[in-house]
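Novice:
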Amino acid sequence: MVRDSRDRPFNASRGTRTVGLAKYAGGILGGRIDYQKYLLEYRHYRPLFWKLVGMARAKTGVVDGYSSPSTVPAYERFRIGGSGDDGVRGYPDQSINRATYGGRIMLISNLEVKYSFNQSVYLLAFADAGNTWTQYDQIHPSVLYKGAGLGVRAEVPMLGVLGLDWGWGFDWDKNVQSDKWQLHFQLGTSF
Numbered sequence: 002m003v004r005d006s007r008d009r010p011f012n013a014s015r016g017t018r019t020v021g022l023a024k025y026a027g028g029i030l031g032g033r034i035d036y037q038k039y040l041l042e043y044r045h046y047r048p049l050f051w052k053l054v055g056m057a058r059a060k061t062g063v064v065d066g067y068s069s070p071s072t073v074p075a076y077e078r079f080r081i082g083g084s085g086d087d088g089v090r091g092y093p094d095q096s097i098n099r100a101t102y103g104g105r106i107m108l109i110s111n112l113e114v115k116y117s118f119n120q121s122v123y124l125l126a127f128a129d130a131g132n133t134w135t136q137y138d139q140i141h142p143s144v145l146y147k148g149a150g151l152g153v154r155a156e157v158p159m160l161g162v163l164g165l166d167w168g169w170g171f172d173w174d175k176n177v178q179s180d181k182w183q184l185h186f187q188l189g190t191s192f
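Last residue of the sequence shown: 192 (the numbering used here), numbering continuous.
1) Could you have a look at D138 and say whether DSSP puts it in helix, strand or coil?
2) Given this structure, state the Cα-to-Cα distance separating R90 from V114, to the nearest angstrom.
3) Between which two residues does the beta strand (DSSP E) holding L163 run?
4) By Cβ distance, which residues of its chain are closer than 6 Å to G66, with the 5 residues on each side in sequence left out?
5) Which residue spans inside the stretch 44-106 form an unbroken alpha helix (DSSP H) run of at least 4?
6) Looking at Y43: is its Cβ nearer than 8 Å to the Cβ of A23?
7) For D180 and G31, I'd like the C-alpha separation in whole angstroms.
8) Can the beta-carbon of I109 be found closer than 8 Å to that of I140?
9) Could you check the C-alpha separation between S14 and S6 for me, to the nearest Å?
10) To the nearest angstrom, how far is it from the Cα of G21 to the Cα of D87?
11) Which stretch, first to last residue, makes up the beta strand (DSSP E) that contains K24?
12) From the DSSP secondary-structure annotation, give me the bridge partner or partners of Q187.
13) Work out the CA separation of G27 and R33 for me, nearest whole Å.
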């Protein structure tokens, strides 16, 4: 289910976008794969002043097996970090997770302030936070991986939106092995 009131699909300056998704496999449908997955995402765009636009996003998801958590396929689990739809910039792609095969619970929040030179090119500053967990009792807002940085976006005819972000990850640990500064190339928008 999608509700979209943005003024533009790319480089939006006002409006909201809400997405709810439910996936089912196995159970009464049969088959060897057995899980259910729920995602909820909210995006808000608002003009601030001059040519600045503020953007905020919250995204959460849960995936679980009908009979046990081990029946969830690895490719349906949550792996966040880096750029893209499940991105926490400042970390390598898919590097933030609490288990080898990804998490069962996910939370991501993003804030951006962008300055548009025109409708096709803009600079942005961002702050991201997120994490994945394998058990519900592990969830705590103080255990989010945080990153911040700067980026640039350009709408290129026939290609779409191209972007480059330079992010700093604040919360490195044994689960994330890489430089604290990360350069992210992106095809499409962050959100």
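Where is the CB? At the ideal position from N, CA and C, for every residue including glycine.
Specialist: Put simply:
1) In this structure, DSSP gives D138 a helical state, which the three-state scheme calls helix.
2) Taking the straight line from one Cα to the other gives about 15 Å.
3) In this chain, the beta strand (DSSP E) harbouring L163 covers G161 to G170.
4) Result list for G66: D35, Y36, T72 and V73, in chain order.
5) Runs found: none.
6) With respect to A23, Y43 sits apart: the two C-beta atoms are not nearer than 8 Å.
7) For the pair D180 and G31, the Cα-to-Cα distance works out to about 45 Å.
8) No, they are not a contact pair.
9) Near 11 Å, if we compare the C-alpha coordinates of S6 and S14.
10) Cα to Cα, the separation comes out at about 15 Å.
11) Element bounds for K24: G16 to A26.
12) BP columns for Q187 point to G164.
13) When only Cα atoms are considered, R33 and G27 end up about 7 Å apart.
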